[in-house]
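S.K.: Heads up: the sequence shown begins at 1 in full-length UniProt numbering, then just goes up one per residue. For every residue, glycine included, the Cβ atom is placed at its ideal position computed from N, Cα and C.
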Amino acid sequence: MFRYRASGTGASDGDITGSVGAAATIARGGSGNTEFMSFTYRPFTAGAYKATATAPVQSATGFTIIAHFKPDTASLTGRRTIYSDQGGGGIALDIVDGRMQVQWHDGTGYQSVTATNYPINTNWHYVVAAVTINSGTPASSHARIYVDGQERIDVSPIPGAQTVKNSGQPGCVAAECDGTGSTRGPVGEYFVGRIATAEVLNYPLWSRSYLFSQLNDGGWYAGLPSYFDYTPAVPDTRTEVNRTKYRRMADAINEPQGGNNFPQFDDMRTKVTRRISTPYLNDGFVYQGVSVGTTTTPNDTMYMVGHYEPDPDLEEGMVIVPEVDITGCATGTCAPKVRRTYRLVSATGAELYGVHPGSVARVGNILYVNSLRNATTGIGGLLRFDLTAPRTTWHPADPVTGRPAIEDLKLVSSNTSLCGGASISYDSIANRMYCFTSGARLINGFNLNADGSLPDSTPEVTWTIPAAPYTQGGYDYQLQGGAVYHPGNTAGNPCFVLHFSGGESNPSALNNFCPSTSTTVAPSLANALATNGEGVVVTTDGMVWGITEGASKKMQKVGSSSIVLAPWVWGIPRSTMGIQ
1 MFRYRASGTG
11 ASDGDITGSV
21 GAAATIARGG
31 SGNTEFMSFT
41 YRPFTAGAYK
51 ATATAPVQSA
61 TGFTIIAHFK
71 PDTASLTGRR
81 TIYSDQGGGG
91 IALDIVDGRM
101 QVQWHDGTGY
111 QSVTATNYPI
121 NTNWHYVVAA
131 VTINSGTPAS
141 SHARIYVDGQ
151 ERIDVSPIPG
161 AQTVKNSGQP
171 GCVAAECDGT
181 GSTRGPVGEY
191 FVGRIATAEV
201 LNYPLWSRSY
211 LFSQLNDGGW
221 YAGLPSYFDY
231 TPAVPDTRTE
241 VNRTKYRRMA
251 DAINEPQGGN
261 NFPQFDDMRT
271 KVTRRISTPY
281 LNDGFVYQGV
291 SVGTTTTPND
301 TMYMVGHYEP
311 DPDLEEGMVI
321 VPEVDITGCA
331 TGTCAPKVRR
341 TYRLVSATGA
351 ELYGVHPGSV
361 ARVGNILYVN
371 SLRNATTGIG
381 GLLRFDLTAP
391 RTTWHPADPV
401 TGRPAIEDLK
411 LVSSNTSLCG
421 GASISYDSIA
431 NRMYCFTSGA
441 RLINGFNLNA
451 DGSLPDSTPE
461 VTWTIPAAPY
471 TQGGYDYQLQ
481 GGAVYHPGNT
491 AGNPCFVLHF
501 SGGESNPSAL
511 NNFCPSTSTT
521 VAPSLANALA
531 TNGEGVVVTT
541 DGMVWGITEG
551 ASKKMQKVGS
561 SSIVLAPWVW
571 GIPRSTMGIQ
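#1: Do isoleucine 366 and serine 414 have their C-beta atoms closer together than 9 Å?
#2: Pick out whichever of Thr464, Leu448, Ile153, Cys172 has its Cα sitting closest to the Cα of serine 457.
#3: Please state whether DSSP places asparagine 123 in a helix, a strand or coil.
#4: Would DSSP call tyrosine 353 helix, strand or coil?
#5: Under 9 Å, do serine 501 and asparagine 511 count as touching if we go by C-beta distance?
#6: Does the distance from the C-beta atom of glycine 90 to that of alanine 161 stay below 9 Å?
#7: For threonine 73, decide whether its Cβ has a neighbour in chain D, counting only Cβ atoms nearer than 9 Å.
#8: For proline 515 versus asparagine 493, is the C-beta distance shorter than 9 Å?
#9: Assuming glutamate 341 is part of the beta strand (DSSP E), what are its boundary residues?
#10: CB serine 371 to CB glycine 364, shorter than 9 Å?
#11: So, helix, strand or coil for aspartate 386, using DSSP?
#12: Take arginine 343 as the anchor and find which of Leu411, Met433, Val537, Lys165 has the nearest alpha-carbon.
#13: Going by the beta-carbon positions, is the gap between proline 186 and threonine 132 smaller than 9 Å?
#14: On the CB-based measure, 16 or more other CB atoms within 10 Å of its CB, does methionine 249 come out buried or exposed?
#15: Hey, quick one: how far does the alpha helix (DSSP H) through lysine 271 stretch, first residue to last?
#16: Taking 8 Å as the threshold, find out whether the region 165 to 172 comes into contact with the region 87 to 106 through three or more Cβ pairs.
#17: Per DSSP, what kind of secondary structure is glutamine 580 in: helix, strand or coil?
#18: Which runs of the alpha helix (DSSP H), 4 residues or longer, sit entirely within the region 83 to 150?
#19: From which residue to which residue does the beta strand (DSSP E) around leucine 510 run?
#20: By how many angstroms is the C-alpha of threonine 73 removed from the C-alpha of glutamine 101?
#21: Indicate whether glycine 546 and histidine 499 have their beta-carbon atoms separated by less than 9 Å.
#22: What's the call for valine 538, buried or exposed, on a 16-neighbour Cβ count within 10 Å?
#23: Assuming leucine 411 is part of the beta strand (DSSP E), what are its boundary residues?
#24: Less than 9 Å between the beta carbons of asparagine 299 and threonine 540, yes or no?
#25: Closer than 8 Å by C-beta to histidine 105: which residues in its own chain qualify, once you throw out the five before and the five after it? Chain order, please.
#26: Would the beta-carbon of isoleucine 66 fall within 9 Å of that of valine 113?
#27: Compute the Euclidean distance between the alpha carbons of serine 453 and phenylalanine 446, then round it to the nearest angstrom.
#28: Check whether the Cβ atoms of valine 290 and methionine 302 sit closer than 9 Å, and answer yes or no.
#29: Compute the Euclidean distance between the alpha carbons of isoleucine 406 and glutamine 103, then round it to the nearest angstrom.
#30: Can you pull the DSSP bridge partners for methionine 318?
#31: Do you know whose CA, among Gln580, Glu534, Ala530, Thr416, lies nearest valine 272's CA?
#32: Between which two residues does the beta strand (DSSP E) harbouring tyrosine 477 extend?
#33: Grab me the residues of threonine 294's own chain with a C-beta within less than 7 Å of its C-beta, minus the 5 sequence neighbours each way, in chain order.
#34: Quick one: what's arginine 194 bridged to in DSSP?
#35: Where does proline 494 fall in DSSP's three states?
#36: Would you mind reading off the limits of the beta strand (DSSP E) that contains residue 617?
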């Protein structure tokens, strides 16, 4: 796919069309980070994708080039072009003898920065090159290259003059081009391999946007501002007409290791040891809940729940629950994989919308999802789904990528008087379901039948959460997730890990609450986690997993240096937080 992002230039929407070696038009949109249609572009050898429209950069600020590609061995020797619009000016992203290089013209000649000490190989790679121009304060200019989520080089100040000269040439992907207008054609420096995405922004991204290793073999993920994919050849406009909402979903998910991907949040850096990128986010899916259960071995399966939220203040759409194999993720390197995905529908098969799911839990063959109530349909509260019931395929499997089918899971019951608050959590030791209500600060516990069903709507236990965690650091916090655990994983009085959100510009926090010990104390476990914190779960294999939202355009519109736009499931060992 190739797309160009304009910022305040142009006025029209349009599709990017074309083929290898053929002319194409890049339409520039209105203000902000306008998204465009894209096309699949692989494989090829001595071809190039080119555009007849010039794609200028803004020399006053800088530029960003983003690419997701898989080079063949031939592309690891010599100079191989990923993107270039050079011709007496312009910019480029190249592979030079297996190292990533960003290049630009400063009016006197070409300047470049190369990540010399970090060779790439023939795997899929996700590269971001961002050049920040600051002519008034040259010492604050930067040329950075990120490879697979890690910063590999940062040169400051940038070499040469503090400016970028525009070339006036259309851009080319996968080859260096020459000529002008429609006669411009590929002339050399051919990339050999596969390119999934090439993207040019006429402004530099702030670094925290891409400090994430988000892409695995062949997959697409949210995590860069306004990063969305669309089905090729389907018209799209800013008014959402003919938007293809649900296609181009991620094929896989990954779990990058290491502890430095959240530099602005102390506890993310010092306590988080595991991260799992969330699937199906690139077209506005926003995740709200996470839970862990058992399929073949304890704690081998993660469930996530999210809803479609394409634009600020639009009605929430489809609700999905991916089921993910996380075998080994608590103790070592693992390769999470989506086993199946459920699309939640009503008893008549209608897509659930406007229910705003809060969390998810599996109990036996029952899948529970709690949600806010849709006043139009009357559906909401504690939603029950039967995993043994016949299911229809809403979206077929993709044999090329191995992505499983998306199956419709029909609603069995909707108990609107239960669990319409922040979260639910299943207590496997006591066979009890806990509901957390943020506004009322309540935890209600309901004993379940042997098969996991709810016998009645009368709670067996009720506790009130202390007020202190809701006003941490002078900010008003909201309870977004709660998770039950038993100290030592033995039967006895339960405790709860509570996940509080500080809103869209403040860190989220974890607090511990053990009502059998004290109903007035809820000590802090972590207070500098990523913003937009949502669900949380505590597992018997020693982990606390939490989920953040951030894929919606609303989150992106609010974007600031303190917001992690990339949604993640993060993991912190229970021992790190002192809860055994």
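M.R.: Result, derived from the coordinates:
#1: no
#2: Leu448
#3: coil
#4: coil
#5: no
#6: no
#7: Of the protein chains in the structure, only one exists, and it is not chain D.
#8: yes
#9: Here residue 341 turns out to be threonine, not glutamate, going by the sequence shown. Note, threonine 341: beta strand (DSSP E), 337 to 345.
#10: no
#11: strand
#12: Leu411
#13: no
#14: In this prediction, methionine 249 scores a pLDDT of 29, lower than 50, which makes its location untrustworthy; no coordinate-derived value is stated.
#15: 266 to 271
#16: yes
#17: coil
#18: none
#19: 508 to 513
#20: 17 Å
#21: yes
#22: buried
#23: 406 to 415
#24: yes
#25: Gln86, Gly88, Gly89, Gly90, Ile91, Gln111, Val164, Lys165, Ser167
#26: no
#27: 10 Å
#28: yes
#29: 43 Å
#30: DSSP, once it has assigned bridges, lists no residue as partnering methionine 318.
#31: Ala530
#32: Careful: tyrosine 477 lies outside any beta strand (DSSP E) and carries neither H nor E.
#33: Asp300, Thr301
#34: Lys70
#35: coil
#36: Residue 617 is absent from the model: the chain starts at 1 and stops at 580.
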